[in-house]
Structures are given as structure tokens and as C-alpha cells.
Amino acid sequence: MKTEMFDVVVIGGGPGGYTAAAKVNALGGRVALVEKEALGGTCLNRGCIPTKTLLKSTEVLETVKKAKDFGVEVSPLEISLEKLLDRKKAIIKRLNTGIEFLMKSNNVTVFRGEGKITGTDEVTVYGSSEPIILNTRNIILASGSQPTSIPGLEPDGQRILNSDHALMLSSIPSSLLIIGGGAIGVEFASIYHKLGAKVTLVEGMDRILPFADEEVSNSLKQLMMREKISVLIESNVKGIIKSEEGLKVNVDTPKGSQEIQVDKVLVAVGRRPNYENLGLEKIGVQVEKGKIIVNAQMETSVPHVYAIGDVTGGILLAHVASAEGTLAAINAMG
Numbered sequence: 004m005k006t007e008m009f010d011v012v013v014i015g016g017g018p019g020g021y022t023a024a025a026k027v028n029a030l031g032g033r034v035a036l037v038e039k040e041a042l043g044g045t046c047l048n049r050g051c052i053p054t055k056t057l058l059k060s061t062e063v064l065e066t067v068k069k070a071k072d073f074g075v076e077v078s079p080l081e082i083s084l085e086k087l088l089d090r091k092k093a094i095i096k097r098l099n100t101g102i103e104f105l106m107k108s109n110n111v112t113v114f115r116g117e118g119k120i121t122g123t124d125e126v127t128v129y130g131s132s133e134p135i136i137l138n139t140r141n142i143i144l145a146s147g148s149q150p151t152s153i154p155g156l157e158p159d160g161q162r163i164l165n166s167d168h169a170l171m172l173s174s175i176p177s178s179l180l181i182i183g184g185g186a187i188g189v190e191f192a193s194i195y196h197k198l199g200a201k202v203t204l205v206e207g208m209d210r211i212l213p214f215a216d217e218e219v220s221n222s223l224k225q226l227m228m229r230e231k232i233s234v235l236i237e238s239n240v241k242g243i244i245k246s247e248e249g250l251k252v253n254v255d256t257p258k259g260s261q262e263i264q265v266d267k268v269l270v271a272v273g274r275r276p277n278y279e280n281l282g283l284e285k286i287g288v289q290v291e292k293g294k295i296i297v298n299a300q301m302e303t304s305v306p307h308v309y310a311i312g313d314v315t316g317g318i319l320l321a322h323v324a325s326a327e328g329t330l331a332a333i334n335a336m337g
């Protein structure tokens with residue numbers, strides 16, 4: 004079994020992980036990064052970048068629809084979902100390559116596989132070949148998050164979707180009900196509406212984007228309703244009945260129960276930290292309420308083991324993870 008020695012081993016190649024790795028190198032440390040998928044994490048591969056790419060495509064579509072008003076005839080207007088998704092994939096691939104170059108130029112050794120803590124100073128990489136043991140003075144956990152599911156409404160990737168599935172559909176549903184009026188739900192409501200789906204957005208709170216200023220939330224709701232997106236606030240999905248015709252969704256609203264027939268349902272109720280398969284129990288890293296506990300230095304309950312980004316359950320934003328990655332790297336290198 005192969006063994007290597009590092010000053011820092013980072014588990015997770017998202018914005019927090021690759022930023023931390025580059026910072027360790029800048030401080031003179033020997034660093035390894037372990038990632039089982041493409042570099043870039045959720046933001047690049049399944050989050051901010053692909054959704055913004057699709058939003059831009061739908062923005063262009065809306066502009067073309069209005070071309071006649073400016074004396075430009077565009078007929079017939081066709082949407083090629085295949086080419087739209089190809090563009091998204093190409094942008095992601097280009098940015099993946101950029102991060103790979105960043106790691107190479109910063110002397111970061113990248114190991115492909117699943118990283119698991121097997122000791123206070125040891126991470127084992129499980130990949131396609133035999134396991135590789137990485138001995139290290141410090142560990143930085145940057146394993147990110149995954150879509151939260153609702154009991155009884157677990158995504159199947161076909162008719163009940165999560166945000167990952169929603170980025171990979173081969174066809175546009177004629178109707179879509181989205182559970183969750185946060186940033187993820189609102190983005191997908193806009194994308195699918197502009198691609199031609201009849202969209203219903205269901206939010207349990209008294210307004211969509213509950214984390215934003217109330218004026219912003221109310222203005223956005225009015226805009227969405229003008230665009231014929233149905234927005235139900237203070238409402239909750241109570242059950243779904245599957246049939247050959249589609250899905251019958253029972254929604255409890257302030258005006259009473261509604262039964263809404265749709266082709267697909269998208270569950271967009273947030274994300275939760277990825278920590279289950281890291282081997283935390285091996286060394287006793289403290290976890291409370293589904294997140295890894297850290298101090299102001301991003302250090303966990305175990306000395307020299309740090310955690311950053313979504314896995315700590317804080318603000319789930321890429322730039323927050325990057326800032327925490329820099330902080331953890333500085334503290335790890337002392």
C-alpha cells in the first residue's frame with residue numbers, strides 16, 4: 004500500500020478546498036487535495052455556474068422573442084435543449100480545466116478518490132486502484148453539502164427531482180411544481196418558466212426569498228406572478244399521488260387544500276452538510292445538529308483537524324468557503 008507525507012491534506016475540491024490547498028502551498032507547505040469528482044465542487048458543477056449559464060440562455064431566448072418589436076423577424080423560433088445543455092457542459096469543463104491548472108501551478112498533489120480519515124494524522128484515499136495512505140500534520144475537511152430531501156418525497160430523478168436532476172433533464176416538462184422558495188427554487192422557477200413549463204412555486208414561509216429584504220421578496224413575487232408563475236406562500240405540500248397521467252400534489256394553503264396536477268416536482272428546500280463518510284467517528288470530531296463544530300480558527304474539536312464551507316452548516320456560499328479555506332490554511336501552517 005502506497006504511503007506519502009504532507010503538511011496538509013484537504014478533503015474536497017470545491018471553492019473552499021482548492022483555495023485552502025493553494026494557500027498552504029503559498030505558505031511553503033506540501034499539500035494534497037482529495038476529490039472523487041470533478042474539481043470545483045457544487046458551485047461549479049451543480050450549482051451557481053450551471054444555473055447562471057441556463058439563466059443566460061433563457062435571457063437570450065426572451066430577447067429573441069421580442070425581436071419583432073425592433074423590426075427583426077426570427078421565425079420559426081426553436082429551442083435546442085441539447086445544444087443549451089452542451090453549452091453548459093462546455094463552460095463547466097473549461098472552468099474545471101482552469102482549476103486543474105491552478106492546482107498544478109501551485110504544486111498541489113491531487114488524488115482522485117474518496118478521502119476518509121483513518122487516524123488523527125492519516126487520510127486514506129479509496130479510488131479505482133489500491134488505497135493510498137496520506138500521512139499529514141493537518142487535515143482540512145471541505146466536503147461540501149448535498150440537496151436536502153423531504154421524508155416521503157425522496158427524489159427518484161424521473162418525476163421527483165432535486166436540484167442536481169433539474170440541471171440534467173433531457174426534455175422540458177409541460178408543468179413543474181417547485182417545493183421551496185429560496186434562491187434555488189426561484190432560479191429554477193425562472194429557468195423552466197422561460198423554457199415553456201407551467202411553474203408553481205410553493206413556499207412555507209410568508210414570502211419567497213425569506214433571507215432577503217422584505218421589499219426585494221415582495222417585488223420578485225409580483226414580477227413572477229406577472230410572468231404567470233404561480234406563487235403559493237404560507238403553503239405546504241402534504242402528499243403526492245403518482246399515476247400514469249402525472250403527479251397529483253396536495254398543497255395546504257391559507258385558502259384551503261388544493262390539488263395540483265403536474266408532470267414533475269422539484270424539491271428545493273436547501274442543502275445539508277456532507278460529513279457521514281469522512282471517518283469523523285474514528286478520531287472523535289464533534290458533530291451537532293447535522294454539522295461539524297468549529298471554532299473561530301475553523302478548527303474542529305480535534306487539534307489540527309479543520310473544517311470549512313458548507314460542511315460546517317454556516318452560510319452556504321462559495322466565497323464564504325473560500326475565505327474560510329484561506330483562514331484554515333493559515334492556522335494549519337501556524
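Residue numbers (my numbering): 4 to 337.
Just so you know, even glycine gets a beta-carbon here, dropped at the ideal spot from N, CA and C.
It should be emphasised that the depicted structure is a prediction, and the values quoted were computed from it without experimental measurement.
Can you name the residues that DSSP bridges to residue i?
{"i": "T112", "result": "A35"}
{"i": "D255", "result": "N239 and S260"}
{"i": "F343", "result": "The structure shown does not extend to residue 343, since the chain spans only 4 to 337, so no value can be given for it."}
{"i": "G122", "result": "E125"}
{"i": "K201", "result": "S178"}
{"i": "A310", "result": "L144"}
{"i": "M267", "result": "The amino acid at residue 267 is misidentified as Met; the sequence shows Lys. DSSP output for K267 lists L179 as bridge partner(s)."}
{"i": "E284", "result": "None; E284 has no bridge partner."}
{"i": "I14", "result": "V37 and L144"}
{"i": "E85", "result": "E85 pairs with nothing; no bridge assigned."}
{"i": "E302", "result": "Y309"}
{"i": "E117", "result": "Y129"}
Grouping DSSP H, G and I as helix and E and B as strand, with all else coil, what is residue i?
{"i": "Y195", "result": "helix"}
{"i": "P150", "result": "strand"}
{"i": "Y278", "result": "coil"}
{"i": "E65", "result": "helix"}
{"i": "S246", "result": "strand"}
{"i": "E103", "result": "helix"}
{"i": "K292", "result": "coil"}
{"i": "S233", "result": "strand"}
{"i": "G80", "result": "Sequence check: residue 80 is Leu here, not Gly. Coil."}
{"i": "L330", "result": "helix"}
{"i": "L320", "result": "coil"}
{"i": "I211", "result": "coil"}
{"i": "L223", "result": "helix"}
{"i": "L164", "result": "strand"}
{"i": "S60", "result": "helix"}
{"i": "V189", "result": "helix"}
Distance check for residue j and residue i, CA to CA, integer angstroms please.
{"i": "A335", "j": "L36", "result": "15 Å"}
{"i": "L330", "j": "G185", "result": "29 Å"}
{"i": "V189", "j": "T127", "result": "40 Å"}
{"i": "N110", "j": "P53", "result": "28 Å"}
{"i": "V27", "j": "L42", "result": "18 Å"}
{"i": "I143", "j": "E133", "result": "23 Å"}
{"i": "T121", "j": "A271", "result": "34 Å"}
{"i": "L80", "j": "Q289", "result": "56 Å"}
{"i": "I153", "j": "T22", "result": "33 Å"}
{"i": "V11", "j": "S304", "result": "17 Å"}
{"i": "L281", "j": "H307", "result": "16 Å"}
{"i": "I187", "j": "S166", "result": "8 Å"}
{"i": "T100", "j": "H322", "result": "20 Å"}
{"i": "S260", "j": "M228", "result": "20 Å"}
{"i": "V254", "j": "D209", "result": "15 Å"}
{"i": "E76", "j": "S177", "result": "27 Å"}
{"i": "H168", "j": "G160", "result": "6 Å"}
Report all residues from its chain with a CB closer than 6 Å to the CB of residue i; omit the five preceding and five following residues, and keep chain order.
{"i": "M8", "result": "N138"}
{"i": "K245", "result": "none"}
{"i": "V202", "result": "L179, A192, Y195, H196 and I232"}
{"i": "G328", "result": "G19, T22, A23 and I311"}
{"i": "G199", "result": "I175"}
{"i": "T56", "result": "K91 and I94"}
{"i": "S60", "result": "L87"}
{"i": "V113", "result": "L36 and M106"}
Taking 7 Å as the limit between beta carbons, can you name the residues of its chain near residue i, skipping five residues before and five after?
{"i": "G116", "result": "V37, K39, V128, Y129 and G130"}
{"i": "R274", "result": "S148, Q149, P150, T151, D313 and L319"}
Leaving out five residues on either side along the sequence, give the residues of the same chain with a beta carbon under 8 Å from the beta carbon of residue i.
{"i": "I333", "result": "K26 and L30"}
{"i": "I286", "result": "I120, G122, T123, V305 and V308"}
{"i": "E157", "result": "I163"}
Could you check if residue i belongs to the surroundings of the ligand ATP, using beta carbon to heavy atom distance under 7 Å?
{"i": "L137", "result": "What this structure holds is no ligand at all, so the ligand ATP is not there to describe."}
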